[in-house]
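Here the structure is laid out as C-alpha cells; the discussion comes afterwards.
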Amino acid sequence: MGYVAHYKVFSEQQEQQLSKYLQRCADIYFGLAPKEVRKLAFELATQYNLKRSATWTENEMAGEEWFRSFLNRNPSLSVRVAQATRLSRATSFNKTNVEAFYDNLQLVMDRHTYEPQDIYNVDETGVTTVQRPDKVVARRGTRQVGAVTSAERGTLITVAFAVNALGNSMPPFFFPRVRYHDYFVRDGPLGSVGAPNPSG
Numbered sequence: 251m252g253y254v255a256h257y258k259v260f261s262e263q264q265e266q267q268l269s270k271y272l273q274r275c276a277d278i279y280f281g282l283a284p285k286e287v288r289k290l291a292f293e294l295a296t297q298y299n300l301k302r303s304a305t306w307t308e309n310e311m312a313g314e315e316w317f318r319s320f321l322n323r324n325p326s327l328s329v330r331v332a333q334a335t336r337l338s339r340a341t342s343f344n345k346t347n348v349e350a351f352y353d354n355l356q357l358v359m360d361r362h363t364y365e366p367q368d369i370y371n372v373d374e375t376g377v378t379t380v381q382r383p384d385k386v387v388a389r390r391g392t393r394q395v396g397a398v399t400s401a402e403r404g405t406l407i408t409v410a411f412a413v414n415a416l417g418n419s420m421p422p423f424f425f426p427r428v429r430y431h432d433y434f435v436r437d438g439p440l441g442s443v444g445a446p447n448p449s450g
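The numbering of the sequence shown is my numbering, which starts it at 251 and goes up by one.
Below is the structure:
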C-alpha cells in the first residue's frame, strides 16, 4: 500500500506547504497528476529524511493510501479532470491575464525581495550561418557574380542573451543543430557557452 495508518509521514506544516504548492501549480495551468503528487511526496520525504514505508522507496513514490488520506486531511484539494486550455489562450494578452500576471509577480516579489541585479530578461534570436553577400565591384557585362559564403543553405543557430535590470549582461548561449563543438564559440565573447539542439 505504501502508507502505514498509525503514523503520518509529514508534519501538519509540511502538508500545508505541499497543499499550497499543489494549488499554486493548478492556478497557473500546471497542475500535478496524482502519480506526480505521490512522486513529489517521496522526494520531499527523502529530502527531509522522514520515516516512511519501505514501499515508498521501492516504488520511488508515496502509496495510494497515503494519497487518499492526504486528500482527506486537506479538503481544499480534489482530483479534477483538467480542462484543456490552449497555450495561446492561457498566455493571450487580455485584461484578466495581465492582472493575474501582475498579481502573481507581486506575490513572488514580496516573497523573495528580489533586487534589480537579480532580475534578468532573456531573449533569443535565430541567425543563419550563410551571410547575405554584399554588392561587389566586378567586370562590366558579367551576368553572375559569386561570393563565397560558409555554406549554400546554412544552418539556423539560436543565440540567447540575458541582461539584468542594472544593465549587466551574461555571455551569450549558442544552440546550433545536433552537432556541437567547443570551437564553435572559440572567438566569441568571454564565457560564451553552447549546447546541441535538434531544431537549432
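By construction, the Cβ of each residue, glycine as well, lies at the ideal position given by its N, Cα and C atoms.
{"Item": "Beta-carbon proximity check, Q365 vs V409, cutoff 8 angstroms", "Value": "The question names Gln, yet the displayed sequence has Glu at residue 365. It is not a contact, given that the beta carbons lie outside the stated cut-off."}
{"Item": "Span separating the alpha-carbon of D437 from that of V443", "Value": "11 angstroms"}
{"Item": "For W306 and E315, the rounded distance between their alpha carbons", "Value": "11 angstroms"}
{"Item": "G313 classed as buried or exposed, judged by whether at least 16 other C-beta atoms fall within 10 angstroms", "Value": "buried"}
{"Item": "Entirely enclosed alpha helix (DSSP H) segments - the region 282–330, minimum 4 residues", "Value": "284–297, 304–309, 314–323"}
{"Item": "Host alpha helix (DSSP H) of N354 (start-end)", "Value": "345–362"}
{"Item": "Buried/exposed call for A291, threshold 16 Cβ in 10 Å", "Value": "buried"}
{"Item": "Start and end residues, beta strand (DSSP E) containing A410", "Value": "406–414"}
{"Item": "Bounding residues of the beta strand (DSSP E) (the contiguous stretch that carries Y370)", "Value": "370–378"}
{"Item": "Reduced DSSP secondary structure (H/G/I, E/B, other) of P421", "Value": "strand"}
{"Item": "For V428, the three-state DSSP class (helix, strand or coil)", "Value": "coil"}
{"Item": "V435 (DSSP reduced to helix, strand or coil)", "Value": "helix"}
{"Item": "Neighbourhood of F317 by C-beta, 7 angstroms cutoff - its chain only, sequence neighbours within 5 removed", "Value": "P284, V287, R288"}
{"Item": "Whole-number beta carbon distance between A412 and V212, since they are thought to touch under 8 angstroms", "Value": "The requested residue 212 does not occur in the structure, where the chain is confined to residues 251 to 450."}
{"Item": "Spatial distance of P421 from V435 (CA atoms)", "Value": "11 angstroms"}
{"Item": "Rounded straight-line distance, which links the Cα of S319 to that of L357", "Value": "30 angstroms"}
{"Item": "7 angstroms Cβ shell around R323 - same chain, five flanking residues per side excluded", "Value": "E265"}
{"Item": "Neighbourhood of R302 by C-beta, 6 angstroms cutoff - its chain only, sequence neighbours within 5 removed", "Value": "V259, A295"}
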